[in-house]
Amino acid sequence: MLRTSCRRETDKMPITELIEKVAAICKANGVKRLDLFGSFATGTAAPTSDIDFVVYGCEDMFRLEDAISEIDTLRKIDLFDYDSIHNEFLLEDIKAYGKQIY
1 MLRTSCRRET DKMPITELIE KVAAICKANG VKRLDLFGSF ATGTAAPTSD
51 IDFVVYGCED MFRLEDAISE IDTLRKIDLF DYDSIHNEFL LEDIKAYGKQ
101 IY
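Letter 59 of the sequence shown, counting from 1, is numbered 59 in full-length UniProt numbering, and no numbers are missing.
Here it is as structure tokens:
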């Protein structure tokens, strides 16, 4: 799992732009599917909330994490590889509330 940036009060980058940047990087790195989950997917995000993504079909998570960490944002990005998740509660949350980006 990737955790980038530090928590700050706000981020000037609109969340839609951040999602688009993450999606572009994921596509360029061969990710088959990208989902948003957590507070941004459910509409309960606070100004300091992190943004949670799950990727499917990524062959090189280290390269993907490096590329995502280059995004100029103050918001913390959590990136999960679906095939590596063993926490049943997290899997249920992703299935129930995840929003497919592509």
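Glycine included, C-beta positions come from ideal geometry on N, C-alpha and C.
According to DSSP, simplified to helix, strand and coil, what is residue i?
| i | result |
| --- | --- |
| TYR102 | coil |
| LEU74 | coil |
| THR48 | coil |
| GLU59 | coil |
| PHE89 | helix |
Who pairs with residue i in a beta bridge, going by DSSP?
| i | result |
| --- | --- |
| PHE53 | LEU36 and LEU79 |
Distance check for residue j and residue i, CA to CA, integer angstroms please.
| i | j | result |
| --- | --- | --- |
| ARG63 | ASP83 | 17 Å |
| ALA96 | LEU36 | 12 Å |
| LEU91 | LYS32 | 18 Å |
| GLU20 | ALA67 | 14 Å |
Need the endpoints of the alpha helix (DSSP H) that residue i sits in, please.
| i | result |
| --- | --- |
| LYS21 | 15-28 |
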